[in-house]
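Asker:
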Amino acid sequence: MCGIVGYTGSHEASPILLAGLRRLEYRGYDSAGLATLDGPDMIVRKKAGRVRILEENVEAEPARGACGISHTRWATHGPATDANAHPHIGGVGPESVAVVHNGVIENYTALRKLLEAEGIIFQSQTDTEVIAHLIAKELGHGDDLFGAVQRVLPKLEGTYGLAVISPRCPGQIVGARLGSPLVVGLGEGEHLLASDPAAIAPHTTRVAYLQDGEVVRLTPDDFEIFHRESGSITPRIDRIDWTPVASELGDNAHYMIKEIREQPNTVRDACRGRLRRGEGTAHFGGLNISPRRLRQVRRVVFAACGTSWHAALVGEYLIERLAHLPVEVEYAGEFRYRNAPLDNQTLVFVISQSGETADTLGALREAKRQGHPTLAICNVVGSTIAREADGGIYLHAGPEIGVASTKAFSAQVAVLTLLALHLGRIRHLSFPDGVAVVDAMEAIPSHIERVLETEPLIIKAAERLAEARSVLFLGRDLLFPVALEGALKLKEISYLHAEGYPAAEMKHGPLALIDPDTPCVFIAPRGSLHAKTLGSIEEVRARRGPVISVGTEGDEELMRMSEVFLPIPDVPEIVQPLLAVIPLQLLAYHVARLRGCDIDKPRNLAKSVTVE
Ligand code: AGP
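In the numbering used here, the protein residues as written are 1393 to 2004.
(1) Nearest by alpha-carbon distance to residue 1980: which of 1769, 1648 and 1549 is it?
(2) What does a CB cutoff of less than 6 Å around residue 1876 pick up in its chain, not counting 5 residues either side in sequence?
(3) Quick one: what's residue 1744 bridged to in DSSP?
(4) By how many angstroms is the C-alpha of residue 1412 removed from the C-alpha of residue 1803?
(5) Does the segment 1822 to 1836 come into contact with the segment 1664 to 1677, if we say contact requires no fewer than three beta-carbon pairs (one atom in each stretch) closer than 8 Å?
(6) Indicate whether the contact test is met: 3 or more Cβ pairs, each with one atom in the segment 1710 to 1718 and one in the segment 1806 to 1818, closer than 8 Å.
(7) Pick from 1599, 1704, 1767 and 1997: whose alpha carbon is nearest that of residue 1677?
(8) Taking buried to mean at least 16 other C-beta atoms within 10 Å of its own C-beta, is residue 1898 buried or exposed?
(9) Given 8 Å as the limit, is there contact between the segment 1523 to 1535 and the segment 1599 to 1609, that is, 3 or more CB pairs closer than that?
(10) Note the first and the last residue of the continuous beta strand (DSSP E) segment covering residue 1516.
(11) Reducing DSSP to helix, strand and coil, say where residue 1727 ends up.
(12) Helix, strand or coil for residue 1925 per DSSP?
(13) Using only alpha-carbon positions, find the residue among 1565, 1954 and 1991 that is nearest to residue 1427.
(14) Within 10 angstroms of its Cβ, does residue 1484 collect 16 or more other Cβ (buried), or is it exposed?
(15) In this structure, how does DSSP classify residue 1915 when only helix, strand and coil are distinguished?
(16) Taking the runs of the beta strand (DSSP E) that are 3 residues or longer, which of them lie wholly in the segment 1926 to 1965?
(17) For a quick check, are the C-beta atoms of residue 1850 and residue 1978 less than 8 Å apart?
(18) Check residue 1492 in the structure and name its three-state DSSP category.
(19) Is residue 1444 helix, strand or coil by DSSP?
(20) May I have the straight-line CA-CA distance separating residue 1570 from residue 1475, to the nearest angstrom?
(21) What does the alpha-carbon distance come out to for the pair residue 1765 and residue 1934?
(22) May I ask which residues mark the beginning and end of the alpha helix (DSSP H) holding residue 1615?
(23) By alpha-carbon positions, which one of 1561, 1467, 1686 and 1550 ends up nearest to residue 1518?
(24) Do residue 1722 and the ligand AGP come close, with the Cβ less than 7 Å from some heavy atom?
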């Protein structure tokens, strides 16, 4: 996934473009570039590496002009080099065009062959460059830029979020959207275009989200949107629901630690206005599905990716326990092509922090194609998944910038706990049992604050792991998904190999991995399976495997068995995942810090993967 920012107005464009790229750098950071229109000239700067390198280049040699586009890249075709950085250029002189693109053009090879046969010399290995040459060709036929772009789009197969400029049309930006998000910022005497509202928020909170198939023309004082089938479009104007401050780093060293520390409020915000203690249940405003219809549901399918998939797995255990409703959790990338047998009493839920993950969007569209009611649990308001689902639940977690998802996981698990309560209470769950869940959830924020205070102990555990070759994370029942999440956090930001398993699985193979160089992290708070998990710990210790544990405060027995014991408050099993995950997030953070890794922008990754 990549980040796009465009600006046209009365101010110099490049400072605005660069500041916008910095806000979107979590979307991809292999290379960055910009193009501005300065009278009859088009100035292009593009560099491999982070946005900072581009900034240094532009500071050394300014790129003038009040209209421009820019891009920060997550490579799909071609390595991160200056030549492969966007913008890509087609044509020459006044007929030239600059294009930035987010998505994948699946028929680019055939298009490239046709263009090369016409004598066009390509400068890069990217799929995007074919778009630049095709638009330049159309422009040369006397078309204006808006028309030229619209004539090229039907030739493209795949996905795109595009921004295009040309000296031929000063002050004008043309954007187009199919499968990759684009949002228009409506300012006073200026307009912006971006992949994510975070780049727009410092300038205006009035936005219009482009829909698939729409093309937009921006000038400083006007904008128009056109759809290839429905013609001219009057868009809905939305308000960005958070301030730029929410996505600022503040005095935190990294976004990840900021977002870990936000989690007491994250859970408060996820529950705000949804707990109904007087009825012993939870209520959601946007589900758009009646209790009567929900009672007819006989099966729930979750489709998600990565951390959201782990949250969905917690949801499975919760819903099956509180509502006795069968639940399956599918990897979205698998579900969309697996043709899973689903009947008309199946409810499909997709879970996605960004609301733009291509695999999850594909799963949603496949479920809709089959006629299933679809609901979404999302964080980004107005995101594609949120808009295309039949209803859903927003996380209200605010922007999550760190590539490693933390507060979104907690918000997802909190929402899933409330959903399980809601489903349980419209079936058989008793009022007292419902009230117990409500009370447990209301106490969670202060319990998270207590766990955050144990950070010095967690740093000690991180020092124990920092040089390990591989780490196993183990838990049972509701804590097995937490083990998976702990392993993902560690591997994605510290590049240490880690795996999560159900603790009972150790003796069926993974125990062969155990030696003094392979630490195990057990999640073993007090509960119905506590003794069995201690048995698994003994199996590891018998083979001299080092043990770090997350357990209930005061658990002397577990302390004795552990090299480092990370305490969490004594809470009902149903809400233990919300606390047990916090030490694991901090553990991954500090191991990555000790290993000198780039915590907010880990290698090879991006915050939201909007390509298949
Ligand atoms: C988690 O730390 C990763 N960043 C990644 O697994 C992420 O959870 C996954 O790509 C799904 O993203 P989404 O929730 O925005 O759909």
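Glycine is no exception: its CB is placed at the ideal position from the N, C-alpha and C atoms.
Answerer: In this structure, then:
(1) As a first step, residue 1980 must be located in the sequence shown, where it is residue number 588. Answer by Cα proximity: 1648.
(2) The residue you call residue 1876 lines up with position 484 of the sequence shown. Around residue 1876, the same chain offers 1702 and 1892 as residues with beta carbons nearer than 6 Å, after the five sequence neighbours per side are excluded.
(3) Residue mapping note: residue 1744 aligns to position 352 of the sequence shown, counting from 1. DSSP, once it has assigned bridges, lists 1770 as partnering residue 1744.
(4) To locate residue 1803, count along the sequence shown from 1; it is residue 411. To locate residue 1412, count along the sequence shown from 1; it is residue 20. Using only the alpha carbons, I get a separation of about 27 Å.
(5) At 8 Å Cβ cutoff, the stretches touch.
(6) Yes: at least three Cβ pairs fall under 8 Å.
(7) On the sequence shown, residue 1677 is found 285 positions in, with the first residue counted as 1. The candidate whose alpha carbon is nearest that of residue 1677 is 1767.
(8) For the purposes of this step, residue 1898 is taken as residue 506 along the sequence shown, with counting starting at 1. Buried, by the Cβ-count rule.
(9) Verdict: no, contact absent.
(10) Counting from 1 along the sequence shown, the entry for residue 1516 is found at position 124. Per DSSP, residue 1516 belongs to no beta strand (DSSP E) and is neither H nor E.
(11) In the sequence shown, residue 1727 corresponds to position 335, counting from 1. Looking at residue 1727 - three-state DSSP - the assignment turns out to be helix.
(12) If you number the sequence shown from 1, residue 1925 lands on position 533. Of the three classes helix, strand and coil, the one that applies to residue 1925 here is helix, per DSSP.
(13) Position 35 of the sequence shown holds residue 1427. Checking every option, the nearest Cα to that of residue 1427 belongs to 1565.
(14) Start at 1 with the first residue of the sequence shown, and residue 1484 comes out as number 92. With fewer than 16 other Cβ atoms within 10 Å, it is exposed.
(15) Your numbering for residue 1915 matches position 523 in the sequence shown. If DSSP states are grouped into helix, strand and coil, residue 1915 belongs with the strands.
(16) Whole beta strand (DSSP E) segments, 3+ residues: 1939 to 1944 and 1956 to 1960.
(17) For the purposes of this step, residue 1850 is identified with residue 458 of the sequence shown, where counting begins at 1. For the purposes of this step, residue 1978 is identified with residue 586 of the sequence shown, where counting begins at 1. Cβ atoms of residue 1850 and residue 1978: closer than 8 Å.
(18) Start at 1 with the first residue of the sequence shown, and residue 1492 comes out as number 100. Strand at residue 1492.
(19) As a position in the sequence shown, residue 1444 is number 52, starting the count at 1. Correct three-state label for residue 1444: helix.
(20) Locating residue 1570 in the sequence shown gives position 178, where the first residue counts as 1. Locating residue 1475 in the sequence shown gives position 83, where the first residue counts as 1. So the two alpha carbons sit approximately 25 Å from each other.
(21) Locating residue 1765 in the sequence shown gives position 373, counting from the first residue. Locating residue 1934 in the sequence shown gives position 542, counting from the first residue. Approximately 51 Å, taken between the alpha carbons.
(22) The residue you call residue 1615 lines up with position 223 of the sequence shown. Residue 1615 -> not in any alpha helix (DSSP H); beta strand (DSSP E) instead, spanning 1614 to 1619.
(23) Reading the sequence shown from its first residue, position 126 is the one you call residue 1518. If we check each option's Cα against that of residue 1518, 1467 comes out closest.
(24) Looking up residue 1722 in the sequence shown gives position 330. Outside the cutoff, so no.
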